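J.:
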Amino acid sequence: MSATTARLDVRESDDPPFERINDALTDLGPDDRLTLVNGFEPEPLYDVLERRGFRYETTRVADDEWHVEIERA
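full-length UniProt numbering puts the first residue of the sequence shown at 1, with every later residue one more than the last.
#1: Note down, in chain order, each residue of its chain lying with its Cβ closer than 6 Å to the Cβ of Arg-7, except the 5 sequence neighbours on either side.
#2: With H, G and I counted as helix, E and B as strand and the rest as coil, what does DSSP make of Phe-18?
#3: Per DSSP, which residues does Phe-54 bridge with? Please list them.
#4: Measuring straight from C-alpha to C-alpha, what distance separates Arg-55 and Asp-14?
#5: Whole angstroms is fine: what's the gap from Gly-53's alpha carbon to Asp-63's?
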């Protein structure tokens, strides 16, 4: 099975995005990657990612756009 990269943009979400992010993480295969697009740096998410065995790299693309590349550690 080949690796995939999913993209989840939560900037326009009316509800807190944690459930959508959690679902996307649960669906990640061992070699898959998730690109999370957010309007701010999602610092509270980092501890959750580490506890669940993910590594991440965050890039500030614009004042109101952050990309977090997430994969299994």
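In this text, a Cβ means the ideal position worked out from N, Cα and C, and glycines have one as well.
Remember, predicted model here, so these are calculated numbers, not experimental data.
T.: If we stick to the structure as given:
#1: Along the sequence shown, read from residue 1 onward, the residue named residue 7 stands at position 7. Cβ within range, chain order: Thr-35.
#2: Translated into the one-based positions of the sequence shown, residue 18 becomes position 18. When secondary structure is reduced to three states using DSSP, Phe-18 falls in the helix class.
#3: As a working mapping, residue 54 is identified with position 54 in the sequence shown. Beta-bridge pairing links Phe-54 to Arg-72.
#4: Stepping through the sequence shown from its first residue, residue 55 is reached at position 55. Stepping through the sequence shown from its first residue, residue 14 is reached at position 14. Straight-line measurement puts the Cα of Asp-14 at about 27 Å from the Cα of Arg-55.
#5: Position 53 of the sequence shown holds residue 53. Position 63 of the sequence shown holds residue 63. Gly-53 and Asp-63 have their alpha carbons spaced roughly 29 Å apart.
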